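Asks:
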Amino acid sequence: MVLSDIEIANSVTMKPIEEIAESIGIDKEDLSLYGKYKAKISNIKELDGKDNGKLILVTAITPTPAGEGKTTTSVGLVDALTAIGKKAVIALREPSLGPVFGVKGGAAGGGYAQVVPMEDINLHFTGDFHAIGAANNLLAALLDNHIHQGNTLQIDSRKITWKRVVDMNDRQLRHIVDGLQGRVNGVPREDGFDITVASEIMAILCLANDITDLKNKLRNIIVAYNFDGEPVTAGDLKAEGALTALLKDAIQPNIVQTLEHAPAFIHGGPFANIAHGCNSVLATKLALKYADYAVTEAGFGADLGAEKFIDIKCRLANLKPDAVVLVATIRALKMHGGVKKNELGTENVAAVMDGIPNLAKHLKNITEVYGMPTVVAINKFPTDTPAEIAAVEEACEKLGVSVVLSDVWGKGSEGGKELAEKVVALAEEPNHFSYVYDLEDSIEDKLNKIVQKVYGGKGVELAPSAKKGLKELERLGFGNYPICMAKTQYSFSDDATLIGAPKDFTVTIRNLKVSAGAGFIVALTGAVMTMPGLPKSPAAERIDVDAKGNITGLF
Numbered sequence: 035m036v037l038s039d040i041e042i043a044n045s046v047t048m049k050p051i052e053e054i055a056e057s058i059g060i061d062k063e064d065l066s067l068y069g070k071y072k073a074k075i076s077n078i079k080e081l082d083g084k085d086n087g088k089l090i091l092v093t094a095i096t097p098t099p100a101g102e103g104k105t106t107t108s109v110g111l112v113d114a115l116t117a118i119g120k121k122a123v124i125a126l127r128e129p130s131l132g133p134v135f136g137v138k139g140g141a142a143g144g145g146y147a148q149v150v151p152m153e154d155i156n157l158h159f160t161g162d163f164h165a166i167g168a169a170n171n172l173l174a175a176l177l178d179n180h181i182h183q184g185n186t187l188q189i190d191s192r193k194i195t196w197k198r199v200v201d202m203n204d205r206q207l208r209h210i211v212d213g214l215q216g217r218v219n220g221v222p223r224e225d226g227f228d229i230t231v232a233s234e235i236m237a238i239l240c241l242a243n244d245i246t247d248l249k250n251k252l253r254n255i256i257v258a259y260n261f262d263g264e265p266v267t268a269g270d271l272k273a274e275g276a277l278t279a280l281l282k283d284a285i286q287p288n289i290v291q292t293l294e295h296a297p298a299f300i301h302g303g304p305f306a307n308i309a310h311g312c313n314s315v316l317a318t319k320l321a322l323k324y325a326d327y328a329v330t331e332a333g334f335g336a337d338l339g340a341e342k343f344i345d346i347k348c349r350l351a352n353l354k355p356d357a358v359v360l361v362a363t364i365r366a367l368k369m370h371g372g373v374k375k376n377e378l379g380t381e382n383v384a385a386v387m388d389g390i391p392n393l394a395k396h397l398k399n400i401t402e403v404y405g406m407p408t409v410v411a412i413n414k415f416p417t418d419t420p421a422e423i424a425a426v427e428e429a430c431e432k433l434g435v436s437v438v439l440s441d442v443w444g445k446g447s448e449g450g451k452e453l454a455e456k457v458v459a460l461a462e463e464p465n466h467f468s469y470v471y472d473l474e475d476s477i478e479d480k481l482n483k484i485v486q487k488v489y490g491g492k493g494v495e496l497a498p499s500a501k502k503g504l505k506e507l508e509r510l511g512f513g514n515y516p517i518c519m520a521k522t523q524y525s526f527s528d529d530a531t532l533i534g535a536p537k538d539f540t541v542t543i544r545n546l547k548v549s550a551g552a553g554f555i556v557a558l559t560g561a562v563m564t565m566p567g568l569p570k571s572p573a574a575e576r577i578d579v580d581a582k583g584n585i586t587g588l589f
């Protein structure tokens, strides 16, 4: 019988979190405990004089709707590194409740490569997302209250850019009208909600170096424009102090453990198709100080998460990966080869080969555009056949890249030792790390470089609203900011149906907006939404709790 993820997680005896922290040199006095098995690192000691370990980035080929096991591979890798005698820590994002109750499920790994307690991590955890949502919505309330109380800042209610958020997939809230029923209830306007992980405050929390930096970034958030077209900030509303008060605990990284008791820093969770898709800078830097190998991941494929990891997070935090693991699955390659989802269980070597161009393009990006040593990890699924695996291995050899079969889902660290050994070797190889564009490039040049160099397209086409936004951003002095592409995760292009490795396409930029607090420009493409919806059969329908409080159905 194959056990579910939650059954496997519940079968393992966890160690007290103080013991996990102590194993890498974190004193129990530096922890704020949230029960026996999770804690916040409340006292971050001065670590400037301590050498950094090696930074290992885990990314993936273009995913299918169910995900390809990037987190599972990351967790299995840190367990395998520990098993071969290396001091290793993993730094991951926190899951959003939207996907947990939607179609994708949680983000705590799977099988025998999980972080625990998985129910806590996938649900409320230590309350970080609730704090971020509260801070976001406090800022919205202060903004609307200012207008109601006389509007001394002369805010143009037609140019309010700040939305409220909720950490749930709720399409009903995408477009609403509020402030109805008379003056006492506010100023009527068209409005809408975003999902919490799309909030700029989430991005700010994950890019802040400390609480002072957090407050400064919050102060710079643009919430609206006045009647003269000038930005109105959270600082203008005198909001940054209260927002920081709500986030003073949330900015502290969380520590938990893997099934095999390796330390795991799980902190922050911006979406990668909407926001920059990386865990917090604080958690990553802590992992580098406390371990010889810090394993982290970037959301979705290497065209989205890895590009933003490099051009936004690494640039702003002065980080550089030492090696990259590119996760591929047989089923994703078959889908890129034209196989339908309900036929993925049938052997189809020809379809696997037809999907290889997608893998090849991601490899070219990592090794030539980003300039980093790379290994392909085939994340093994029970339906994979020897012939299909052999086809991918042969293709990778022809592409001149190392390939390893990873079976951490089924075997834990034992199934990832070969991958761990390869990563250790790769981290010592020459590294030609490079950004995709220069900050001094014009906004349009940056967009074109991303599309041409990373996606394989002809370039961008700016919709009229984007052209207008570009001129405004340059006028306001934001032209040197990095770009955060908001794009479908299912294709290199902005059209989710263009699978594989399409060429000669044009990406339409429908709007450009600045996240002045986080420090980047968001380029909205295609039909990507900042508030997802639930599928026809959401995962929530299969989640339950028994009389003893035991949860079932989480995955």
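Heads up, the working numbering is the position in the sequence shown plus 34, with the first residue counted as 1. Quick reminder that beta carbons are idealized off the backbone N, C-alpha and C, glycines included. Predicted, not measured: the structure shown is a model, and the values here were computed from it.
In three-state terms, what does DSSP make of residue 331?
Replies: Note: residue 331 maps to strand in three-state DSSP.
Asks: How would you label residue 384, buried or exposed, when you count the other beta carbons within 10 angstroms and need 16 or more for buried?
Replies: So residue 384 ends up on the exposed side.
Asks: Helix, strand or coil, according to DSSP, for residue 143 in the structure here?
Replies: Strand, per DSSP.
Asks: Could you tell me if residue 234 is buried or exposed, where buried requires 16 or more neighbouring beta carbons within 10 angstroms of its beta carbon?
Replies: Buried, because 16 or more other Cβ atoms sit within 10 Å of the Cβ of residue 234.
Asks: Going by other Cβ atoms of all chains shown within 10 Å of its Cβ, with 16 needed for buried, is residue 275 buried or exposed?
Replies: The residue is exposed, with fewer than 16 neighbouring Cβ atoms inside 10 Å.
Asks: Drop a sphere of 10 angstroms on the beta-carbon of residue 217, count the other beta-carbons inside from all chains shown, and report buried for 16 or more, exposed for fewer.
Replies: Looking at its Cβ environment, which holds fewer than 16 other Cβ atoms inside 10 Å, residue 217 is exposed.
Asks: Just tell me which of 150, 64, 54 has its CA closest to the CA of residue 44.
Replies: Residue 44 has its Cα closest to that of 150, out of 150, 64, 54.
Asks: Can you give, in chain order, each stretch of the beta strand (DSSP E) that sits fully within the region 359 to 419 and has at least 3 residues?
Replies: Runs found: 408 to 413.
Asks: So, is residue 490 buried or exposed, given that buried needs 16 or more other C-beta atoms within 10 angstroms?
Replies: Result: buried.
Asks: Which same chain residues, not among the five before or five after residue 282, have their C-beta less than 7 Å away from its C-beta?
Replies: Result list for residue 282: 245, in chain order.
Asks: For residue 252 and residue 180, I'd like the C-alpha separation in whole angstroms.
Replies: Approximately 18 Å, taken between the alpha carbons.
Asks: State whether the region 334 to 347 contacts the region 475 to 495, with contact taken as three or more CB pairs (one from each stretch) at a distance under 8 Å.
Replies: They touch, by the three-pair rule.
Asks: In this structure, what does DSSP give as the bridge partners for residue 93?
Replies: Partner(s): 360.
Asks: Between 348, 289, 158, 207, which has its C-alpha nearest residue 56's C-alpha?
Replies: Here the closest residue by C-alpha is 289.
Asks: Nearest to residue 367 by CA position, among 533, 355, 467, is which residue?
Replies: Closest by alpha carbon: 533.
Asks: How far does the beta strand (DSSP E) with residue 324 in it extend, from its first residue to its last?
Replies: Where residue 324 is concerned, there is no enclosing beta strand (DSSP E), although the alpha helix (DSSP H) it sits in stretches over 315 to 324.
Asks: Can you tell me the Cβ-Cβ gap for residue 343 and residue 91, rounded? I've got them flagged as a contact below 8 Å.
Replies: Between residue 91 and residue 343 the Cβ distance is about 6 Å, and since that is below 8 Å, they are a contact.
Asks: Taking just the CA atoms, how far does residue 525 sit from residue 372?
Replies: Roughly 13 Å separates the two Cα atoms.
Asks: Where DSSP assigns a beta bridge to residue 223, which residues make up the other side?
Replies: Answer by DSSP bridge pairing, in chain order: 212.
Asks: Assuming residue 166 and residue 230 make a contact with CB atoms under 8 Å, what is their CB distance in whole Å?
Replies: Their Cβ separation, rounded to whole angstroms, is 6 Å, which keeps residue 166 and residue 230 in contact under 8 Å.
Asks: How would you label residue 305, buried or exposed, when you count the other beta carbons within 10 angstroms and need 16 or more for buried?
Replies: Residue 305 comes out buried.
Asks: How should residue 329 be labelled, buried or exposed, when 16 other C-beta atoms within 10 angstroms of its C-beta is the threshold for buried?
Replies: Counting Cβ neighbours within 10 Å, residue 329 comes out buried, since at least 16 surround it.
Asks: Excluding the five sequence neighbours on either side, which residues of its own chain have a C-beta within less than 8 Å of the C-beta of residue 455, listed in chain order?
Replies: If we look at residue 455 and ignore the five residues flanking it on each side, its Cβ neighbours are 118.
Asks: Could you tell me which residues DSSP pairs with residue 554 in its beta bridges?
Replies: Looking at the DSSP assignment, residue 554 forms a beta bridge with 549.
Asks: Hey, quick one: how far does the beta strand (DSSP E) through residue 519 stretch, first residue to last?
Replies: 517 to 520 is the span of the beta strand (DSSP E), which, as asked, contains residue 519.
Asks: To the nearest angstrom, report how far apart residue 499 and residue 482 are at their CA atoms.
Replies: Spanning the two alpha carbons is a distance of roughly 18 Å.
Asks: In the DSSP assignment, find the unbroken beta strand (DSSP E) run with residue 299 in it and report its ends.
Replies: Start and end: 297 to 300.
Asks: Could you have a look at residue 88 and say whether DSSP puts it in helix, strand or coil?
Replies: Reduced to three states, the DSSP call for residue 88 is strand.
Asks: From what residue to what residue does the alpha helix (DSSP H) around residue 288 run?
Replies: Looking at the DSSP string, residue 288 is not in any alpha helix (DSSP H); the run it does join, the beta strand (DSSP E), is 288 to 292.
Asks: Which whole-angstrom value is the C-beta distance of residue 39 and residue 145, which I expect to be below 8 Å?
Replies: Between residue 145 and residue 39 the Cβ distance is about 7 Å, and since that is below 8 Å, they are a contact.
Asks: Can you pull the DSSP bridge partners for residue 586?
Replies: Paired residues: 578.
Asks: Take residue 346 as the anchor and find which of 363, 310, 324, 364 has the nearest alpha-carbon.
Replies: Nearest option by C-alpha distance: 310.
Asks: In terms of alpha-carbon separation, which member of 214, 270, 97 lies closest to residue 176?
Replies: Here the closest residue by C-alpha is 270.
Asks: Please classify residue 170: is it buried, with 16 or more other beta-carbons within 10 angstroms of its beta-carbon, or exposed?
Replies: Burial call: buried.
Asks: Which residues does DSSP list as the beta-bridge partners of residue 193?
Replies: Note: residue 193 sits in no beta bridge, so no partner.
Asks: Which residue marks the beginning of the alpha helix (DSSP H) containing residue 27, and which one marks its end?
Replies: This structure leaves residue 27 out entirely; the chain is present only between 35 and 589.
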